[in-house]
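Residue numbers (my numbering): 2 to 441. Below: one structure, written as structure tokens.
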Amino acid sequence: MRVVMAKLCPPVILLAGITGNYLRDTYPIPPDVVWSALTKDFTRLQLHPDNIRYEAQQPSRVLPDQPIEIVYRELVEELRHNLSLQADKPVPVYVLAYDWRQPLEAIEDQLHGFIDEVIERTKLLRHYDADGYAADPKVNLVGHSMGGLIIAGYLARHAGAHRVAKLATIATPFRGSVEAVAKMTSGLSNLTGGKPSSREREASRVTPGLYYLLPAFAGCLADAAGQPLAGSLFDATLWQDSVLDTLKEYIRLYGLKKQDRPGQAAALFKALLDAAAAHHAHLESFRLGDAGLVADDWLCIAGVDRNTRVRLKVEKLGAAHQFTLDASCAANGWHDGADAEARWNTGDGTVPLRSAVPPFLAAENLVCLRPGDFGFSELGDSAISNEHLVGFHASLPNMDLVHRLIVRHFLGQRDRRSNTWGRPAPGVTQWQPPISLDAP
């Protein structure tokens, strides 16, 4: 049988990070926005303790909508423009709208079905039909932050599909972020920014998706003196009591069963932690070959050179524990000379560099970018580049350099542009990114 060699770039699917999609309550007519860049209705976002698939306040029906424009619009438009080598032969770039509150397995199943849909839609395009796309239909995937974690989880759970050609992930916390704990304990973190909010803190404690971002990288836990601490945040006994107290109150307000509310709260908390722990373990055992991929198929971009929380202090107070997130928990060792170990204590302000290395890639494959890699035109857009507004982590998808890296990765030898660069991770002497890069 004759093998048809595709000439067109496969269609692309983008997954935003946590809180990166609008959420709308579609029960009212017209629907109400309950989450956007400007709207945060925590009361209506809270999930029900008896069934975390649905909202605590009923009747309602909250569904995902478009991505947050300030973070993702430019990335989508640049990919659509630059991946299409001819204007009359466009490369489709889709965005998967998903409910970032939900367990990641449910979103991964949604991605599995959406890939089917995108493939079938692409088959209907005349230029893809003429190109022989139907003979070996595949997609390219792009994930920012938690979006990359969903992609990795999808591959680990649906690897047999072998429908992915290439991937690019941007600032993904493959092994979690201390910011998830900050959100659950104080209501303030670099995951969503803004002012501390008790409403956001309490809502986050019944948000399953956030538990999947709990830090699980080497050295993420320390005792009160700052020394490494054994244990895992997937262990409910290591947590401070305030989280359980919130769950008890939710069960009092919304739960259907009146008996043993403390037991119900403990069971709910354990179920949330166990689900996240199982996902983490599954991802740790995944290897690219399981999905028919190799290291050169995956462009893994990490942000560095920003003060980032790299550890959480856990102090034992009698039978209880207390979390501390003081200044000593954050670091930026990127410029610490020849001390490679110290230089790993950095990140993009949200994701520590140690967490940005997935278990199925080596540090040699990582492409590191600094805030100084913003170009002139990007710095001119204060709404994007001003880190006081969105931070470096959220700014990364808007970097023109990131767009060029992804385009070059997806187009391979067909892309003749240069002016793309990056940096190896600390201590790496044999750098092996999936594309050739210029010196910065």
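Don't be surprised by glycine CBs; every beta carbon is placed ideally from N, CA and C.
Contacting residues, own chain, Cβ-Cβ under 8 Å from residue i (five flanking each side not counted)
i: residue 48; result: 54, 55, 56, 57, 102, 207, 208, 209
i: residue 256; result: 50, 51, 262, 265
i: residue 341; result: 427, 428
i: residue 366; result: 296, 299, 301, 433, 434, 435
i: residue 235; result: 215, 217, 274, 275, 277, 278, 281
Backbone secondary structure at residue i - three-state DSSP
i: residue 8; result: coil
i: residue 22; result: strand
i: residue 431; result: coil
i: residue 28; result: coil
i: residue 69; result: coil
i: residue 420; result: coil
i: residue 132; result: coil
i: residue 436; result: coil
i: residue 64; result: strand
i: residue 234; result: coil
Beta-carbon proximity list for residue i, same chain, < 7 Å, skipping 5 on both sides
i: residue 27; result: 62, 64
i: residue 167; result: 141, 298, 410, 411
i: residue 286; result: none
i: residue 292; result: 156, 160, 163, 165
i: residue 18; result: 145, 146, 147, 148
i: residue 295; result: 289
i: residue 270; result: 237, 244, 245, 248
Beta-carbon contacts of residue i that lie in its chain and below 6 Å, excluding the five residues immediately before and after
i: residue 352; result: 172, 174, 178
i: residue 90; result: 128
i: residue 170; result: 144, 149, 301
i: residue 70; result: none
i: residue 195; result: Note that residue 195 scores 49 on pLDDT, short of 50, meaning its location in the model is unreliable; the coordinates nonetheless yield the value given after this. Within the same chain, residue 195 has no close Cβ partners at all.
Identified DSSP bridge partners for residue i
i: residue 324; result: 315
i: residue 48; result: 56
i: residue 33; result: 26
i: residue 332; result: 309
i: residue 126; result: BP columns for residue 126 are empty, so no partner.
i: residue 145; result: 171
i: residue 41; result: 36
Residue i vs residue j beta-carbon contact at 8 Å
i: residue 346; j: residue 306; result: no
i: residue 99; j: residue 230; result: no
i: residue 420; j: residue 76; result: no
i: residue 222; j: residue 232; result: yes
i: residue 364; j: residue 429; result: yes
i: residue 119; j: residue 224; result: no
i: residue 150; j: residue 300; result: no
i: residue 312; j: residue 427; result: no
i: residue 92; j: residue 10; result: yes
i: residue 404; j: residue 83; result: yes
i: residue 329; j: residue 220; result: no
i: residue 331; j: residue 308; result: yes
Distance cut-off 7 Å: residue i Cβ against heavy atoms of the ligand SAM
i: residue 149; result: Looking at this structure, you won't find the ligand SAM or any other ligand, since it has none at all.
For the region 243-312, list the beta strand (DSSP E) runs that are entirely contained and at least 3 residues long, ordered along the chain. Every unbroken stretch of the beta strand (DSSP E) spanning 3 or more residues and falling wholly within the region 243-312 is given here in chain order: 299-304.
To test your reading of the DSSP string, which unbroken alpha helix (DSSP H) runs of 4 or more residues are found completely within the region 336-374? Runs found: 341-344.
At 3 residues or longer, and completely inside the region 84-115: list those beta strand (DSSP E) runs for me, N to C. Fully enclosed beta strand (DSSP E) runs of 3 or longer: 94-96.
Give, in chain order, every unbroken run of the beta strand (DSSP E) that is at least 3 residues long and sits entirely within the region 149-231. Taken in chain order, the unbroken stretches of beta strand (DSSP E) that lie wholly in the region 149-231 and span 3 residues or more are 165-171.
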